[in-house]
Every structure is written in C-alpha cells, then in structure tokens.
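Asker: If you read the protein sequences in the order shown, they are chains Z and U.
Just so you know, the numbering used here puts 48 at position 48 of the first sequence, and the rest follows in order with no gaps.
Just so you know, the numbering used here puts 106 at position 106 of the second sequence, and the rest follows in order with no gaps.
Virtual Cβ for every residue (Gly too), placed ideally from N, Cα, C.
What follows is a structure written as structure tokens; I'll ask about it next.
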Amino acid sequence: MAARERPHTDEAIVPNEAERHAARRRAEKLQIVAFFGIMALVPFGIGNDYYLHILIYIGLHLILATGLNLLMGYAGQVSLGHAAFYGIGAYASGILTATYGWNPWLAMLAALLLTCVVAWLVGKPTLRLRGHYLAMATLGVGIIVAVVIRQWTDLTGGSAGLTGIPSMTFFGHELTSDQDLQYYYFVWAWAAALTVLFANLVASRPGRALRALHDSELAAQVLGVDTAGFKVRAFVISAAYASIAGTLYAHSSMRFLSPTPFGFHTSIALLVMVVLGGQGTLWGPVLGAFTITLIEETLRPYADYDIIVYGLLLMVLMIVMPGGVSRALGSLIDLVRGWVPALRGGDEP
Amino acid sequence: MNEVLFRVNGLSKTFGGLQAVRNVGFEVREGQIKALIGPNGAGKTTIFNLLTGVLAADSGSAEFEGRELIGLPTHRIAALGIGRTFQTSLLFDQMTVLENVMVGHHLRGRATMLTAALRILGAGREENEYRRTAMETLDRAGLADLAGRSAAELPIGQRRMVEVARALAAEPRLLMMDEPAAGLNMRETEQMAETIQQIRDSGVTVLIVEHDMSLVMSISDEILVLDQGQRLAEGPPSEIRNDRRVLSAYLGEEADGC
Ligand SMILES: Nc1ncnc2c1ncn2[C@@H]1O[C@H](COP(=O)(O)OP(=O)(O)OP(=O)(O)O)[C@@H](O)[C@H]1O
Ligand SMILES: [Mg+2]
C-alpha cells in the first residue's frame, strides 16, 4: 500500500506501539502478582476470624464477578440469573458429597460439567438472536433454580438447608472448618488462578474477538469471527466461574447450604459488582467484589433492604460514571498526568 | 483472460414490496478490479450484503472458487477468503488501531479460549507474532504512526485506510469495498485509488462499489451498471462511458462529479 517512503524522522525515538502493547501486558502480569502477593500477606495483619471469613467471601465474589465480567464487559451480554450457576455449583457439590459420599474434587468436576451443560442449553438458542434475549432467559433460569432448590426438599433439603457437607481435601489433607486460614488460602489460590486465566484469555485472539463483536458484530463477522459461537463460549465460561465459586462456597467453614445466597438478590449484587468496578477491565470486578461484600456485611442487620441500595447504586453509577470506578479513576489519573507537565511548564520562565 | 474467481447468478432480494435486487448475475475474474455502479438505491450495498451472508437472498447463487456462498453464515464466507469494507466504515471504536488490525488476523490464528487462557500450544507465541505482523501491516499501509490511537478519534480518511488495512490483514482472495472513497477529499481519494491498485497488484481481486466516476473509470478493468436492482450494462470503462442507457440513468446524478 501507499507511502512507504513517508518522512519518518522520529522513528528511533518514538517507541513502537507493538512494544507498548506488549509492555502493558507485562505490567498487568506484575499487577496480578503484586495484588495476590499482598492478599497472601493480609492474614498476618489480621488476627480476627471474622475478617478472615469476610475475606473468603470476597474471594468467592471476585471469582463470580470476574466470570460475569467476561460475559458483560467483553461479550456485551447480560446475565440476570448468575446466582443460579453459583447455586448449581454449590448444590451439585454439596449433594454429591453429603448425600452420595463423592470425593469433593470429583463432585466439583461433575458440578462444573452440569453447570456448563445448563449454560450451553440456555445460551445456544438465545445468543444466536441479536439483542438481549440472554438477559430474559437467565432471569428465567434464576427463578427456576431458586424454586428447585427450595421445593425439591428430598434432594436439596429445601429451606431447612443441606447439611453434612464434608471438608474439601487437598492432597489427602482436610481443610477443616476450624482452620479458616487454610481455606482462605485455598479460595484465594483459586481466585488468583482464575484471574490469571481470565487475563490471558481477554488479551488474546478469542478475547479480542469478544471485544470486537461487542463493538460491531457485523465488522467482526466479516473478519471471520463466529460471533454467536464466541458469545456462547463466553457465557459458558462465565457460568463455569460461578460454578467453581459455588463449590468453594459449599465446602467453606459452615459446610451448610441454604437457598438464600442463590437467589435473584445475589444475581443483582453480582451485576452491581461488575458495573461498579468497571466492566471490561481486569481490576473493576475485583474492586466491585470488595466494595459490595463490605456493603453487604455492613447492611446485614437490614438484609432485606440492601437490594434497594444496589438498585440506587446501579442507577447512580449508570448516570455518573457508566464506565465504572476503575475507568473513572483511570481518566482522573490521565487528567492529572496531563496537568502535571502543564503545571511544570507553567513554572518555567 | 484470467480464470473466473467469483460467479453470481440470478440473485434477487425483495424488501416488503420493494424489489431491491432483480435477477442479477455477473462474473469477477481473478486479478481484476471490477466495479459495481448505479444511482442511489440501485441495490449495490444490498448485493454486497447478500454475497457476504449479512442478508438472506430470495434466490440466486454465488460461487467462489467453485464453492456456493449463498446460505453460508458471514464468518464462514470470510473464512473462504472474502473480505469486506463498509459504506460507513465500521471500526472497533473501543480499540486502538493496532488492535483493530490484530482482529483482522483472526482467521489466521488458532488460539482457542482454552489454549489462550492456559497459554499453551503456542498461544503466547501466536499473540506476539500477531502483534508484530499487525504492526508491519500498518507500516506497509503508511499508518504506523496511528497504531496507538483510539479508532474512535480518527478522521474519516484515516478510518477508511485503517478499515482497508484490517481487511487485508485477513489475507483475503477477494476484497469487496463499498464506497471506499465516500467522504474523502481529493488527495485522499487519489491515495485510495493508488491503494486499491496496489491491492490488486499484490494478487487480491477487488470488487468495488463507488460513486466517484473518475475513480471508477481510472482503476476498473470492468464495470457493471445497476439501476433499480437490475443489470443495465456491463463492460470496460471505455464502453460504459459512452453507453446511452447509463448516461440517462445517471442524468443529473453525475453533474456534481461524486
Ligand atoms: N435492510 C433493508 N430493509 C429494507 N429496505 C432496504 C434494506 N436495505 C436496503 N433497502 C432498500 O433497498 C434499496 C437498495 O438499497 P441499497 O442500499 O442496496 O442501495 P445502494 O445502491 O447501495 O445505494 P447507495 O448508493 O445510496 O448506497 C433501497 O431502496 C433501500 O431503501
Ligand atoms: Mg450503498
């Protein structure tokens, strides 16, 4: 094509964008190592089991929000019933281990497969259509799963709950209930691994294909992107993340499951986590997981009202910073960066 | 004469009561620049949409290297080696120019969600390689300076050039361009004409829809004229220029030059 011989005096000084692109990826890896490194040290700073307990929930929410972020921030689709996949993961694991005596890891795998099959069955027909049919379908799935958990009492224990879930084992070692610290590391190791997988995925061919179809399905298709196929896969993966979080929940210190955490309320909370932090960013959902879990804990005495808080948060966010907190922070930093040289320039004669 | 690369037969499409494309047939030979012209609403973009699977044809066939395209989904048609640019250029506005071109490499990549997430089976190497080749593609197009810019902030002339570079990154055998010079100034139009000829010279066959008559006349090997969804005339520029039916279809249209 044209203009190979264009004047190009600054080529040596200006770093190549390809190098900058690669450098951003390296910086991201460093951030991941630093963040999870800090999280590994946190337990030494707190002597309180209650805080550890909350941090375990934050880890679970981080996994859930990161998975949902793949769907919302990259594939551009919304799930209004993500708690259902969380619930399938939790109850399938719980039932297979407590009632049928399965090995927890085997049960985890079975729960994961079951969740993926359900997600695929929901996603396959709805994601071929253009528009937000998935949101409707997942809303339905959320309701159905919640009803099944409550009503099929022989299997799930219903409102009374499912008890007798054994501990998770790790290379023959039991992660027992009086050792929250071990479980903390177990959950956060999962969170770290799943974050790395997520970061790799979005910064690659399939991740770019998702972002592309989010922008323009038509343009993505003429470049050979199977848009429907990629959306289905993103949805299944986001459900798989929820399923893993569910299994981890089932084996956490209470080792007891009740229907409450797997209802519409949680689906909305997850949505707020993703939107609050900033969908389509690596750290947005992490920020969201921390914030919403802490709000949830603070509002625990008024548990029935926190959905109102989420609703308000969602509204305000959409109006004030539709890109989420991390993007808003990013543009603030850019603004300051722009200001600093300007100020410095102003000081000089 | 070169071999026929693309053969379209009896293509028709009706929107409600409006017959936008009526029984249109034509051939594109390998290595040609073939132009599709006609007044506004003649059905040119609709034909592109039918041929790329964006719209379903009522009837007709389109054989590309002996393979039937009609009925295939858009991404499968792309995979056979057909690229396309749009009348209003469709860039991925949330991405940088470099990333846009990297999406252009999609068809040549192999990384799946699994291998990419685990960085196995060469997924990491592939990523580095595409970053580099995308940069080279931009460099060859004279767009290297734009690589880090957000696609959303580019002026129309650069948007069109980036869209072409992105389409070429997929290494198509046939490139369909819908009004690549629309909105460009004279200098940019000349540059686009040069680019299209270079694309052809590099071995890519070009099917172009364009309103700029001087551009069409200067670069096309063959021109098909459409009017109200029908084939009006077909031939080399020298014939089309003097065709009375074409002149009357364009009466009042061509006065302003583009
Ligand atoms: N998706 C659609 N639904 C209904 N009518 C359509 C659709 N697409 C095109 N048409 C109609 O079909 C006719 C042909 O449109 P088309 O866009 O193919 O024309 P064109 O030759 O590309 O014109 P232009 O030079 O203005 O781009 C027009 O009358 C248009 O309104
Ligand atoms: Mg058109």
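1. By the 10 Å Cβ neighbour count, where 16 or more other Cβ atoms means buried, how is Z/HIS251 classified, buried or exposed?
2. Could you have a look at U/VAL4 and say whether DSSP puts it in helix, strand or coil?
3. Under 7 Å between the Cβ atoms of U/GLU222 and U/LYS34?
4. Run through DSSP, which three-state label would U/CYS258 get?
5. Mind listing which residues have their beta carbon within less than 7 Å of any non-hydrogen atom of ligand 2? Chain order is fine.
6. Should U/ALA117 be counted as a contact of ligand 1 given a C-beta to heavy atom distance under 6 Å?
7. Of all the residues that make up the region 50–63 of chain Z, which are near chain U by a beta-carbon distance shorter than 9 Å?
8. Short of 8 Å in beta carbon distance, which residues of its chain neighbour Z/ARG211, apart from the five on each side in sequence? Order them along the chain.
9. Secondary structure at U/MET161, three-state DSSP: helix, strand or coil?
10. Would DSSP call U/MET95 helix, strand or coil?
11. By the three-class DSSP mapping on this structure, what secondary structure does U/ARG200 have?
12. When you compare only the Cα positions, how much space is there between U/MET213 and U/VAL28?
13. Let me check you understand the geometry: is the CB of U/ALA20 closer than 6 Å to at least one non-hydrogen atom of ligand 1?
14. Hey, U/THR45 and U/ASP178: beta-carbon distance below 7 Å or not?
15. To the nearest angstrom, report how far apart Z/PHE230 and U/LEU91 are at their CA atoms.
16. Comparing alpha-carbon positions, which option in U/GLU63, U/PHE26 and U/GLY235 lies nearest U/GLY81?
17. Using the beta-carbon count (16 or more within 10 Å), is U/SER89 buried or exposed?
18. How about U/ASN185: is its Cβ closer than 6 Å to a heavy atom in ligand 3?
19. Give me the residue from U/LEU207, U/VAL225 and U/LEU121 with the minimum Cα distance to U/SER259.
20. Taking only the alpha-carbon atoms, compute the straight-line gap between Z/GLY263 and Z/LEU271 and give it to the nearest angstrom.
21. What's the call for Z/HIS173, buried or exposed, on a 16-neighbour Cβ count within 10 Å?
22. Nearest to Z/LEU64 by CA position, among Z/TYR51, Z/GLY81 and Z/PRO206, is which residue?
23. Please work out which residues of its chain come closer than 6 Å, Cβ to Cβ, to Z/PRO166, disregarding the five sequence neighbours upstream and downstream, and give them in chain order.
24. Taking the alpha-carbon positions, what's the Z/TRP188 to U/THR195 distance?
25. Drop a sphere of 10 angstroms on the beta-carbon of U/GLU3, count the other beta-carbons inside from all chains shown, and report buried for 16 or more, exposed for fewer.
26. Does the distance from the C-beta atom of U/HIS75 to that of Z/GLY224 stay below 7 Å?
27. Going by alpha carbons, who is nearest to Z/ARG20 out of U/ARG132, U/ARG110 and U/ILE77?
28. Z/GLU174 bridges to which residues according to DSSP?
29. Under 6 Å: does the beta carbon of U/PHE15 sit that close to some heavy atom of ligand 1?
30. On the three-state DSSP scale, how would you describe Z/ASP226?
31. Would you identify the three-state DSSP class for Z/GLY207, choosing helix, strand or coil?
32. Using the Cβ count rule (16 or more neighbours within 10 Å means buried), how would you classify Z/ASP304?
33. Per DSSP, what are the beta-bridge partners of U/VAL225 in this structure?
34. Tell me, please, which residues DSSP counts as bridged to U/MET177.
35. In chain U, which residues lie with their C-beta within 7 Å of the C-beta of Z/VAL225?
36. Nearest-angstrom Cα distance between Z/VAL42 and Z/PRO104?
Answerer: According to the structure data:
1. Taking the first residue of the first sequence as 1, we reach residue 251 of chain Z at position 251. Its Cβ being crowded by 16 or more others within 10 Å, Z/HIS251 is buried.
2. In the second sequence, counting from the first residue as 1, residue 4 of chain U sits at position 4. Judged by DSSP in its simplified three-state form, U/VAL4 adopts strand.
3. Numbered from its first residue, the second sequence carries residue 222 of chain U at position 222. Numbered from its first residue, the second sequence carries residue 34 of chain U at position 34. Yes, the Cβ-Cβ distance between U/GLU222 and U/LYS34 is below 7 Å.
4. What you label residue 258 of chain U is simply residue 258 of the second sequence in a count that begins at 1. Legend: pLDDT at U/CYS258 = 41, less than 50; position of this residue unreliable, value from coordinates given subsequently. Residue state, collapsed to three classes: coil.
5. Every residue whose Cβ sits closer than 7 Å to any heavy atom of ligand 2 is listed here in chain order: U/LYS44, U/THR45, U/GLN87, U/ASP178, U/GLU179 and U/VAL209.
6. Walking along the second sequence from the start, residue 117 of chain U turns up at place 117. Taking 6 Å as the cut-off, the C-beta of U/ALA117 does not count as close to any heavy atom of ligand 1.
7. Answer in chain order: no residues at all.
8. Numbered from its first residue, the first sequence carries residue 211 of chain Z at position 211. The residues are TYR74, VAL202 and GLY280.
9. The residue given as residue 161 of chain U occupies position 161 in the second sequence. Helix at U/MET161.
10. As a working mapping, residue 95 of chain U is identified with position 95 in the second sequence. Three-state result, U/MET95: coil.
11. As a first step, residue 200 of chain U must be located in the second sequence, where it is residue number 200. Here DSSP, grouped into helix, strand and coil, assigns U/ARG200 to helix.
12. Here the question's residue 213 of chain U lines up with position 213 in the second sequence. Here the question's residue 28 of chain U lines up with position 28 in the second sequence. Looking at the two C-alpha atoms, the distance is approximately 20 Å.
13. Looking up residue 20 of chain U in the second sequence gives position 20. Checking the Cβ of U/ALA20 against ligand 1 gives yes.
14. Working through the second sequence from its first residue, we reach residue 45 of chain U at position 45. Working through the second sequence from its first residue, we reach residue 178 of chain U at position 178. U/ASP178 is positioned such that its CB atom lies closer than 7 Å to that of U/THR45.
15. Counted from its first residue, the first sequence places residue 230 of chain Z at position 230. Counted from its first residue, the second sequence places residue 91 of chain U at position 91. So the alpha carbons of these two residues sit roughly 19 Å apart.
16. Within the second sequence, the letter at position 81 stands for residue 81 of chain U. Put simply, of U/GLU63, U/PHE26 and U/GLY235 the residue whose alpha carbon is nearest the alpha carbon of U/GLY81 is U/GLU63.
17. Walking along the second sequence from the start, residue 89 of chain U turns up at place 89. Label assigned to U/SER89: buried.
18. Looking at this structure, you won't find ligand 3 anywhere; what it does contain is ligand 1 and ligand 2.
19. Within the shown structure, residues of chain U are numbered from 1 to 258, placing residue 259 of chain U beyond reach of any answer.
20. Taking the first residue of the first sequence as position 1, residue 263 of chain Z is located at position 263. Taking the first residue of the first sequence as position 1, residue 271 of chain Z is located at position 271. Roughly 13 Å between the two C-alpha positions.
21. Along the first sequence, one-based indexing puts residue 173 of chain Z at 173. Answer is exposed; the Cβ neighbour count stays below 16.
22. Translated into positions along the first sequence, residue 64 of chain Z becomes position 64. Nearest Cα to Z/LEU64 within the set Z/TYR51, Z/GLY81 and Z/PRO206: Z/GLY81.
23. As a working mapping, residue 166 of chain Z is identified with position 166 in the first sequence. Here the set comprises THR97.
24. By 1-based counting over the first sequence, the position of residue 188 of chain Z is 188. By 1-based counting over the second sequence, the position of residue 195 of chain U is 195. Their Cα atoms are separated by approximately 53 Å.
25. The residue you call residue 3 of chain U lines up with position 3 of the second sequence. Exposed, because fewer than 16 other Cβ atoms sit within 10 Å of the Cβ of U/GLU3.
26. Taking the second sequence and counting its residues from 1, one reaches residue 75 of chain U at position 75. Taking the first sequence and counting its residues from 1, one reaches residue 224 of chain Z at position 224. When the beta-carbon positions are compared, U/HIS75 and Z/GLY224 come within less than 7 Å of each other.
27. Locating residue 20 of chain Z in the first sequence gives position 20, counting from the first residue. With distances taken between Cα atoms, Z/ARG20 lies closest to U/ARG132.
28. By one-based count along the first sequence, residue 174 of chain Z stands at place 174. Looking at the DSSP output, Z/GLU174 sits in a beta bridge with Z/THR169.
29. Translated into positions along the second sequence, residue 15 of chain U becomes position 15. Yes, since a heavy atom of ligand 1 falls inside the 6 Å radius drawn around the Cβ of U/PHE15.
30. Locating residue 226 of chain Z in the first sequence gives position 226, counting from the first residue. In the three-state DSSP reduction, Z/ASP226 falls in the coil class, being neither helix nor strand.
31. Stepping through the first sequence from its first residue, residue 207 of chain Z is reached at position 207. Helix at Z/GLY207.
32. Indexing the first sequence from 1 puts residue 304 of chain Z at position 304. If you draw a 10 Å sphere on the C-beta of Z/ASP304, you find fewer than 16 other C-beta atoms in it, and that means exposed.
33. Within the second sequence, the letter at position 225 stands for residue 225 of chain U. Under DSSP, the beta-bridge partners assigned to U/VAL225 are U/ILE37 and U/ALA233.
34. Along the second sequence, read from residue 1 onward, the residue named residue 177 of chain U stands at position 177. Paired residue(s): U/THR85 and U/ILE208.
35. By 1-based counting over the first sequence, the position of residue 225 of chain Z is 225. Ordered by position in chain U, the residues that pass the 7 Å Cβ test against Z/VAL225 are HIS75 and HIS106.
36. By one-based count along the first sequence, residue 42 of chain Z stands at place 42. By one-based count along the first sequence, residue 104 of chain Z stands at place 104. Going by C-alpha positions, Z/VAL42 is about 27 Å away from Z/PRO104.
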